[in-house]
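Trainee: Chains as they are written, first to last, in the working numbering: chain A, 431 to 542; chain B, 26 to 135. After the structure tokens below, expect a handful of questions from me.
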């Protein structure tokens, strides 16, 4: 049972480059989320989705884009990477029932 | 805007002690509250989920309580062990979104 899978686990980008963080879940969850966690801090919500074709901004959406073409996948795109986007990114999902949130293992991104 | 505060920010205790971690939130209109554990360099693992209609939830040596009206939740850890060392985060859910506290970094000394 894979749960929530994120790729890549580690990535180094140069300023101005673009990339996509992949997230897929196999639990048929409707809700999916992207959070970022800076050192010693809590998690901040970047974007979330309540179902295929529906996305909405969280607390810190600037510099990011998302899409949700299927229930399983919720990729996060970084355009024109900046040092301020150096962080650990977590994808998460939850179902409509209990609402329990399940996390992926994280993607550590460094922008130099 | 929901704000979540966790006290203390860090806690160090000897093995075997019972301890309480605190979580407070400003908006009581929540659906549920979840407690997570995070080991260094790792993702978040769900420990307990309390629905808004519940007062407490138990799993093994862990017990979480919820007082929605006062905006408080506590995580009680009984007979602490070195393996309990981690950061513990609470997150109340508002509609589709969870808001996280900054966590309590717990160290259990052998």
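All residues carry an ideal CB built from backbone N, CA and C; glycine is no exception. All figures in this text were calculated on a predicted structure; none of them were measured in a lab.
Tell me the DSSP bridge mates of residue 83 of chain B?
Mentor: B:88
Trainee: Under a three-way DSSP split, which group does residue 76 of chain B fall into?
Mentor: Three-state result, residue 76 of chain B: strand.
Trainee: Roughly how many angstroms lie between the CA atoms of residue 459 of chain A and residue 514 of chain A, to the nearest whole one?
Mentor: 31 Å
Trainee: Find the nearest neighbour of residue 28 of chain B within the set B:115, B:99 and B:134, judged by alpha-carbon distance.
Mentor: B:115
Trainee: Comparing C-alpha positions only, which one of A:448, A:456, A:507 and A:506 sits nearest to residue 524 of chain A?
Mentor: A:456
Trainee: For the stretch 468-482 of chain A, which residues have a CB atom closer than 7 Å to at least one CB atom of chain B, in sequence order?
Mentor: 471, 472, 473, 475, 478 and 480
Trainee: Which residues of the stretch 516-534 of chain A have a Cβ closer than 9 Å to any Cβ of chain B? Give them in chain order.
Mentor: 518, 520, 522, 524, 528, 529, 530, 531, 532, 533 and 534
Trainee: Kindly confirm or deny that the stretch 469-485 of chain A and the stretch 121-129 of chain B touch, where touching means at least three C-beta pairs closer than 8 Å.
Mentor: Short answer: they touch.
Trainee: Cutting at 7 Å between CB atoms, please list the residues of its own chain near residue 51 of chain B, excluding the five before and the five after it.
Mentor: 27, 28 and 96
Trainee: Please list the partners that residue 536 of chain A has in chain B, where partner means a Cβ-to-Cβ separation under 7 Å.
Mentor: 68
Trainee: DSSP on residue 455 of chain A, reduced to helix/strand/coil?
Mentor: For residue 455 of chain A, the secondary structure class from DSSP, reduced to helix, strand or coil, is strand.
Trainee: May I have the straight-line CA-CA distance separating residue 443 of chain A from residue 496 of chain A, to the nearest angstrom?
Mentor: 19 Å
Trainee: Can you check whether the C-beta of residue 494 of chain A is within less than 8 Å of a C-beta belonging to chain B?
Mentor: Residue 494 of chain A does not count as touching chain B.
Trainee: Measuring CA to CA, which of A:517, A:453, A:504 and A:492 is closest to residue 481 of chain A?
Mentor: A:504
Trainee: Roughly how many whole angstroms lie between the Cα atoms of residue 512 of chain A and residue 30 of chain B?
Mentor: 29 Å
Trainee: Could you pull the start and end residues of the beta strand (DSSP E) that residue 1 of chain B belongs to?
Mentor: Any property of residue 1 of chain B remains undetermined from this structure, which presents chain B solely from 26 to 135.
Trainee: Output yes if chain A places a C-beta closer than 8 Å to the C-beta of residue 56 of chain B; else output no.
Mentor: yes
Trainee: For the stretch 34-59 of chain B, which residues have a beta carbon sitting closer than 8 Å to at least one beta carbon of chain A?
Mentor: 56, 57 and 59
Trainee: Which whole-angstrom value describes the C-beta separation of residue 87 of chain B and residue 98 of chain B, a residue pair presumed to lie in contact below a C-beta threshold of 8 Å?
Mentor: With 8 Å as the limit, residue 87 of chain B and residue 98 of chain B do not qualify as a contact, their Cβ atoms being about 12 Å apart.
Trainee: Do residue 111 of chain B and residue 100 of chain B count as a contact pair if the criterion is CB distance below 8 Å?
Mentor: no
Trainee: Determine, for residue 118 of chain B, whether the minimum Cβ-Cβ distance to residues of chain A falls below 8 Å.
Mentor: yes
Trainee: Compare the Cα-Cα distances from residue 67 of chain B to each of A:483, A:499 and A:439 and report the closest residue.
Mentor: A:439
Trainee: Less than 6 Å between C-beta atoms, sequence neighbours within five positions excluded: which residues of the same chain meet that for residue 510 of chain A?
Mentor: Result list for residue 510 of chain A: 446, in chain order.
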